[in-house]
Amino acid sequence: MKEKYTYRCVSAQVRFQENAIETFAKNTEISYSFRVQRDGYLGVHYQEGEMTDEEGYRLATENLKRKRPYKYAPETGVRERDKSEQEMSDRELLDFGRELITTLHEKYPDFTLSGSLHSSREESGMYNDAGLSYRNRDCTYGMDIIFKHKDSKDLMDGSFSYGFRRLEKEKAYRTAENYLSAFVKKAELPEELIIQMPVYGFIGKLVNQLEGENMARGTSLLSGRIGEKVFSEKLTLYNDRSDLTTWATPFFDGEGVVMEGDRQVFIDKGVVVRAYADKATAERYGIEHTATAGRVFADIPTNGNFSGYIERSEKTTKELLQGRLSVVPLYYDGGGFNEKGDYVMPVQRAYLCDGEKLIGMLPEFTMTSNLFDMFGDDFIGIGSDEPVYNDKCILIRMKYGH
18 MKEKYTYRCV
28 SAQVRFQENA
38 IETFAKNTEI
48 SYSFRVQRDG
58 YLGVHYQEGE
68 MTDEEGYRLA
78 TENLKRKRPY
88 KYAPETGVRE
98 RDKSEQEMSD
108 RELLDFGREL
118 ITTLHEKYPD
128 FTLSGSLHSS
138 REESGMYNDA
148 GLSYRNRDCT
158 YGMDIIFKHK
168 DSKDLMDGSF
178 SYGFRRLEKE
188 KAYRTAENYL
198 SAFVKKAELP
208 EELIIQMPVY
218 GFIGKLVNQL
228 EGENMARGTS
238 LLSGRIGEKV
248 FSEKLTLYND
258 RSDLTTWATP
268 FFDGEGVVME
278 GDRQVFIDKG
288 VVVRAYADKA
298 TAERYGIEHT
308 ATAGRVFADI
318 PTNGNFSGYI
328 ERSEKTTKEL
338 LQGRLSVVPL
348 YYDGGGFNEK
358 GDYVMPVQRA
368 YLCDGEKLIG
378 MLPEFTMTSN
388 LFDMFGDDFI
398 GIGSDEPVYN
408 DKCILIRMKY
418 GH
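When you line the sequence shown up against this note's numbering, it's residues 18 to 419, in that order.
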């Protein structure tokens, strides 16, 4: 069997330095993984840059001597998906970058702004001689701004970003103005600490506990708890490759397997439903195969292709707060989760927020919790809107540390 992965990314970047455009750069990245399967082994050749199929498969065949065991039958199927919505030209990107940095500097002259405006056109493919032909395409854009106030002695005071598939200038400016306007205002820490952050800030630790081998060997915090209600009824977690905000994520995994409907539930209203496993992990431990093999260009597939998505509430972030105020961490470092799931994180800078609008800067504090509390009784939800970050916001009640 002959099979190959393909990846092509054309990126462009307008870089800002001290309130002005510094550079414009464009780059094309091309990667191939040629793969030959024979007698239960897989030969792999990883190539950056163009190469003919003939040469790629010849080198992959030579690499069969490395004896990488892989016995699973190739997948079949034909499908294409294109999630791109807008393709800005380099000139349009550069023009908006110039407009953006000029407008923000004129409106907020007390700040030094650096960062970038960037585009990424990505295409992933997987093809084999058994009939598999998959192609996934996406086109995304991002604004990442680092800011420093003139009275600050620090090298930077914070940052904000805005991602989009279709440019809505008012959202980009609203994001910037929300952060910069509130920075010079002072606020006091609320008595109840409700953290508002992008959902991806906390979901990684939860997803790691669902890894099939760790679950089977008893090294996960969720080992032996499948079928048990462990978390809040408000928590439903999917591996989701259908979500439009899951950018540049192919609908197929590293073994060419596609989930039905491009999504599968792993925690259903707080109940742990299943672990995730590629073909080898599923066979080794006698557990369900869940189409979560990673695309490893230089080796055999490995378990871990999981695009976590928590089901949103029908209420907005502000409605979920019910009149309470939230805290939006801006700059935090020096902590994280330990092996027991305890979480401690010093926060050097944060905003007070009403769920939509940033109110003012808060003094330093430390937030503490535990994985089971964060996604249990202290889990408030994911709003239906995308405030502050122009992304899904998670609301979690935490405690102040010392």
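In this text, a Cβ means the ideal position worked out from N, Cα and C, and glycines have one as well.
**Message:** On the criterion of 16 or more Cβ atoms from any shown chain inside 10 Å, does residue 281 qualify as buried, or is it exposed?
**Reply:** buried
**Request:** Using 10 angstroms around the beta-carbon of residue 350, count the other beta-carbons present and answer buried if the total reaches 16, otherwise exposed.
**Result:** exposed
**Asked** Secondary structure at residue 415, three-state DSSP: helix, strand or coil?
**Response** strand
**Prompt:** Does at least one heavy atom of the ligand COA sit under 7 Å from the Cβ of residue 132?
**Reply:** No copy of the ligand COA appears in this structure; indeed no ligand is present at all.
**Request:** Could you tell me which of 322, 261, 248 sits nearest to residue 229, measuring between CA atoms?
**Result:** 322
**Request:** Please state if the CB of residue 265 and the CB of residue 185 are separated by a distance shorter than 8 Å.
**Result:** Taking 8 Å as the Cβ cut-off, residue 185 and residue 265 do not qualify as a contacting pair.
**Asked** Any chance the segment 329-339 sits against the segment 398-412, with 3 or more Cβ pairs inside 8 Å?
**Response** yes
**Asked** For residue 155, which three-state DSSP category applies?
**Response** Looking at residue 155 - three-state DSSP - the assignment turns out to be strand.
**Request:** Assign residue 239 to one of three DSSP states: helix, strand, or coil.
**Result:** coil
**CB contact flag (residue 372, residue 334, <8 Å)** = yes
**Message:** Looking only at its chain, what residues have a beta carbon closer than 6 Å to the beta carbon of residue 240, apart from the 5 residues adjacent to it on each side?
**Reply:** Apart from sequence neighbours up to five positions away, the residues of its chain that approach residue 240 with a beta-carbon distance below 6 Å are 232, ordered along the chain.
**Request:** Could I get the ranges of all uninterrupted beta strand (DSSP E) runs contained in the segment 130-186, with 3 residues as the minimum, in chain order?
**Result:** 149-166, 175-181
**Prompt:** So who's on the other strand from residue 228, going by DSSP bridges?
**Reply:** 293
**Prompt:** For the segment 169-176 against the segment 50-68, are there 3 or more C-beta pairs whose distance is under 8 Å?
**Reply:** no
**Request:** Let me know if residue 31 comes out buried or exposed under the rule of 16 or more other beta-carbons within 10 Å of its beta-carbon.
**Result:** buried
**Asked** Taking the C-alpha atoms as reference points, what is the distance between residue 218 and residue 82?
**Response** 42 Å
**Asked** Nearest-angstrom Cα distance between residue 130 and residue 222?
**Response** 33 Å
**Among 25, 46, 52, the one whose alpha carbon lies nearest that of residue 271** = 52
**Item:** Close-in-space but distant-in-sequence residues of the same chain around residue 100 (CB under 6 Å, 5 per side omitted)
**Value:** 155
**Message:** I believe residue 294 touches residue 307 by the beta-carbon criterion, under 8 Å. Please report the beta-carbon distance rounded to the nearest angstrom.
**Reply:** 6 Å
**Prompt:** Taking one C-beta from the segment 239-255 and one from the segment 386-401 each time, how about it: are there three or more such pairs within less than 8 Å?
**Reply:** yes
**Spatially closest choice to residue 309 from 358, 299, 365, by CA coordinates** = 299
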